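Heads up, the thing below is written out as structure tokens.
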Amino acid sequence: MEENELAACVRKSLNRYFKDLDGEEPVGIYEMAILALEKPLLTYIMDRAEGNQTRASEMLGINRNTLRKKLKQHGLSD
């Protein structure tokens, strides 16, 4: 399976992260990666949807209540 551009960027960032650890044991990588991706994704999509949560949730393919929860979690809600 061919890797898309976003996946390649994630892989590159993870390679750099592990290199920067310099032998230290990584902890909580999943949560760190999700949080690092989620906030800019939500910010970008909300901008594209011109603040319309229904449109944004449709673009993301998630329930509007889930979107609201995530916006609040990242301090992006009004």
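Per my numbering, residue 52 is the first one in the sequence shown, and the count goes up by one each step. Built from N, CA and C at the ideal position, the CB exists for glycine as well. Just so we're clear, the structure is a prediction, and the values are computed from it rather than from any experiment.
Starting from the Cα of residue i, find the closest Cα among the options and give me that residue.
i    : options        : result
H125 : N55, L93, A100 : L93
If you count every other CB in all the chains shown that lies within 10 Å of the CB of residue i, and 16 or more means buried, which is it?
i   : result
M83 : exposed
L65 : exposed
L86 : exposed
Within this structure, are the beta carbons of residue i and residue j separated by less than 8 Å?
i    : j    : result
L127 : M97  : yes
R115 : T105 : yes
E101 : K121 : no
Under 8 Å: do the stretch 101-118 and the stretch 74-86 share three or more Cβ pairs, one atom per stretch? The count of Cβ pairs closer than 8 Å, one atom from the stretch 101-118 and one from the stretch 74-86, stays below three, leaving the stretches out of contact.
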